[in-house]
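Q: Below is the structure I would like to discuss, written out as structure tokens.
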Amino acid sequence: MTPITIVMCSLAAGLSVMLWRRRLRSRRAAYITAYALPIGLLDKLRERHQNLSLEDYQLVAQGLRQFFLAHLNSGMEFISMPSQIVDDLWHEFILHTKNYQQFCRRGFGQFLHHSPAAVLSKRQRGNAGIRRCWFQVCHQENINPRRPTRLPLLFALDAQLNVPNGFTYAVDCSGVARQAGSGATIYCGADLGGSAAGCGGDSGDGAHGHSGSDSGCGGDGGGGDGCGGGCGGGCGGGCGGGGSD
């Protein structure tokens with residue numbers, strides 16, 4: 004076998020692996036998108052967060068799906084949960100042990116362990132995780148992560164639903180008091196988009212590492228309406244999350 008033949012065979016094998024990984028990731032993404040949460044899960048959430056409408060609970064479920072897709076599309080990199088109420092739903096889902104294990108196996112190929120909701124802090128790993136989540140969910144909603152004109156659903160839910168102990172996000176804090184009237188700290192989406200640390204890549208099969216080609220880190224236009232309702236920008240329009248385990 005000549006050197007040229009060896010090189011060509013290697014390239015063909017590499018291309019085949021890449022295409023297989025992309026197909027696998029597409030199947031997993033389709034599974035996550037279509038997955039129906041276990042019966043009664045939203046009722047458990049209602050016990051912790053009363054006085055919300057059915058549409059509100061469905062938005063929370065949509066936010067959890069957005070988080071799971073962000074984890075998959077980051078190449079299984081660590082990402083932080085930015086919403087308290089979505090974190091509460093995630094925790095309830097984990098308590099449905101068999102359902103959650105099956106979901107992780109088919110959606111990720113491995114178990115996704117719970118990590119408490121987080122915001123930017125002095126903890127470097129947590130910062131990378133929250134930025135990675137920001138870039139991924141912005142990509143899902145066609146929002147430029149470095150120059151956002153609105154907040155993605157996952158970062159908007161806590162303030163939109165007036166979640167106790169949730170973290171409030173604003174699209175841009177220029178000229179905005181960094182503390183809300185309730186005393187809650189306002190975090191800035193622009194801060195999250197200011198570092199390449201948020202660029203979790205896409206390894207294709209979502210199993211190891213990241214290449215960055217499909218991560219959404221480059222950003223897109225500020226269009227899209229993937230929030231499903233009420234993710235608008237401004238100081239009162241968005242939110243992050245507090246931590247609970």
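Going from the sequence shown to the numbering used here is simple: count from 1 and add 3. Ideal Cβ placement from N, Cα and C applies to all residues, glycine included. Keep in mind that this is a model prediction, so the values were computed, not measured.
#1: Apply the 10 Å Cβ neighbour rule to Arg-108 and answer buried if 16 or more other Cβ atoms are within range, or exposed otherwise.
#2: Could you have a look at Met-4 and say whether DSSP puts it in helix, strand or coil?
#3: Between which two residues does the beta strand (DSSP E) containing Phe-170 stretch?
#4: Put Thr-188 into one of helix, strand or coil per three-state DSSP.
#5: Would DSSP call Ala-120 helix, strand or coil?
#6: Going by the beta-carbon positions, is the gap between Asn-165 and Gln-87 smaller than 9 Å?
#7: How would you call Ile-9, buried or exposed, if buried means at least 16 neighbouring beta carbons within 10 angstroms?
#8: I need the straight-line Cα distance from Ile-97 to Met-4, nearest angstrom please.
#9: Name the one or two DSSP bridge partners that Met-84 has.
#10: How many Å lie between Asp-175 and Arg-26 at the Cα?
#11: Kindly list the residues whose CB is nearer than 6 Å to the CB of Gly-196, restricted to its own chain and excluding five residues on each side of it in sequence; keep chain order.
#12: Could you tell me the distance, in whole angstroms, from the CA atom of Lys-101 to the CA atom of His-117?
#13: So, are the CB atoms of Tyr-38 and Gly-112 less than 9 Å apart?
#14: Determine the direct distance from the alpha carbon of Pro-6 to that of Gly-78, and round the result to whole angstroms.
#15: Classify Gln-53 as buried or exposed, calling it buried when 16 or more other Cβ atoms lie within 10 Å of its own Cβ.
#16: Between Phe-158 and Gly-132, how many whole angstroms is the CB-CB distance? I'm expecting something under 8 Å.
#17: Using CA atoms only, rank isn't needed, just tell me which of Leu-115, Leu-75, Arg-31 and Thr-36 is closest to His-94.
#18: Once you ignore the five residues that flank Ala-73 on each side, which residues in its own chain have a CB closer than 6 Å to its CB?
#19: Rank Leu-92, Leu-123, Ile-35 and Asn-76 by C-alpha distance to the C-alpha of Lys-47 and give the top, closest one.
#20: If distances are taken between C-alpha atoms only, which option among Phe-106, Arg-51 and Leu-18 comes closest to Ile-35?
#21: For Tyr-60, collect the residues of the same chain with a Cβ closer than 7 Å to its Cβ; drop the 5 residues on either side in sequence, then sort them by chain order.
#22: May I ask which residues mark the beginning and end of the alpha helix (DSSP H) holding Cys-107?
#23: In chain order, what residues of the same chain lie with their CB nearer than 8 Å to the CB of His-99, ignoring the 5 residues before and after it?
#24: How many Å lie between Ile-189 and Leu-18 at the Cα?
A: On the basis of the data shown:
#1: exposed
#2: coil
#3: 170-173
#4: strand
#5: strand
#6: At a Cβ-Cβ threshold of 9 Å, Asn-165 and Gln-87 do not count as neighbours.
#7: Ile-9 comes out exposed.
#8: 53 Å
#9: Ala-120
#10: When rounded, the separation of the alpha-carbon atoms in Asp-175 and Arg-26 is 37 Å.
#11: Pro-148 and Arg-149
#12: 15 Å
#13: No; because the gap between Cβ atoms is not below 9 Å, this pair is not in contact.
#14: Rounded to the nearest angstrom, the two C-alpha atoms are 33 Å apart.
#15: exposed
#16: Not really, about 14 Å apart at Cβ, beyond 8 Å.
#17: Leu-115
#18: Ile-82, Cys-136, Gln-139 and Val-140
#19: Leu-92
#20: Phe-106
#21: Leu-45, Leu-48 and Arg-49
#22: 100-110
#23: Pro-41 and Leu-44
#24: 46 Å
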